[in-house]
Amino acid sequence: MTGATFPATVEGHTMHHAFHRHVPIFRAAGLACLLGLITLPLARSADAPPPPRLELVSTVGEIGIRQPEPADTIGGVELRLPQNWHGIRPWLGVSALDNGTWFAGGGFIYDVKLRSNWTATLGTGPFYYKNRHHNLGLDLEFYSFLELTHPVWHDARAGLRIGHLSNGGLGRRNPGTEDLLFVAVVPMGS
Numbered sequence: 001m002t003g004a005t006f007p008a009t010v011e012g013h014t015m016h017h018a019f020h021r022h023v024p025i026f027r028a029a030g031l032a033c034l035l036g037l038i039t040l041p042l043a044r045s046a047d048a049p050p051p052p053r054l055e056l057v058s059t060v061g062e063i064g065i066r067q068p069e070p071a072d073t074i075g076g077v078e079l080r081l082p083q084n085w086h087g088i089r090p091w092l093g094v095s096a097l098d099n100g101t102w103f104a105g106g107g108f109i110y111d112v113k114l115r116s117n118w119t120a121t122l123g124t125g126p127f128y129y130k131n132r133h134h135n136l137g138l139d140l141e142f143y144s145f146l147e148l149t150h151p152v153w154h155d156a157r158a159g160l161r162i163g164h165l166s167n168g169g170l171g172r173r174n175p176g177t178e179d180l181l182f183v184a185v186v187p188m189g190s
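If you want it as structure tokens, here you go:
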């Protein structure tokens, strides 16, 4: 039986002929599946969270909490922009200390929704640092933080943030400093 072939028949046609006759159907189905896979991330399910909105953030607390000298009072204002790429969003901020020091810059944040409506926010970015009293080594500093917030009224959230400001080892000196802040996050618009 070696070398012998027995073509299967479907309605009088060989299987080979039947397959080629239906190839356009298979191609169309394959293209439809591929198009569905490509556009799936663009579609939101009914239970998906709404897209991010512009958020105004207010912060107040202490900076230099792990330093030998007393901590300074710090306050700040931030804007978290609604544009996002896989949940990563841009933000801009400016903070001032009671001793005249200030820093301003921007970077990226990422929100992680936790149980019981808690939100953890991770953020980082480069900042211009203008100081009078506490030299952190360079005018270019990097600010990174972890924030934990909970809804308090409508869509507004409040919580705590711990942050770290340093030059990332780019300067000869890199003492860095930490802050502990109360945070209020208020979505803007509808």
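181 is the number that the UniProt record's numbering gives to position 181 of the sequence shown; each next residue is one higher, with no gaps. The C-beta atom is built at its ideal place from N, Cα and C for all residues, glycine as well.
Taking the C-alpha atoms as reference points, what is the distance between S45 and R115?
At S45 the pLDDT is 49, less than 50, meaning the model places this residue with poor confidence and gives no usable figure here.
Three-state secondary structure (DSSP) at R115?
If DSSP states are grouped into helix, strand and coil, R115 belongs with the helices.
Per DSSP, which residues does I88 bridge with? Please list them.
Per DSSP, W85 and Y110.
If I measure Cβ to Cβ from K130 and keep anything under 6 angstroms in the same chain, skipping five residues before and after, which residues do I get?
Closer than 6 angstroms at the Cβ level, and outside the excluded window around K130, lie W102.
T177 lies in the beta strand (DSSP E); which residues open and close that run?
T177 to P187 is the extent of the beta strand (DSSP E) around T177.
What does a CB cutoff of less than 7 angstroms around L122 pick up in its chain, not counting 5 residues either side in sequence?
Within the same chain, and ignoring the five residues on either side of L122 in sequence, the residues whose Cβ sits closer than 7 angstroms to its Cβ are I109, Y110 and L146.
Determine the DSSP secondary structure at L54, reduced to helix, strand or coil.
Residue state for L54 is assigned as coil, using DSSP reduced to three classes.
Short check: CB of I88 to CB of E178, under 8 angstroms?
Taking 8 angstroms as the Cβ cut-off, I88 and E178 do not qualify as a contacting pair.
Residue burial classification, L170 (beta-carbon count within 10 angstroms, cutoff 16):
It counts as exposed.
Which class does E141 belong to by DSSP, given the choice of helix, strand or coil?
Here E141 sits in strand by DSSP.
Do T59 and R161 have their beta-carbon atoms positioned less than 8 angstroms apart in this structure?
The answer is yes: Cβ separation under 8 angstroms.
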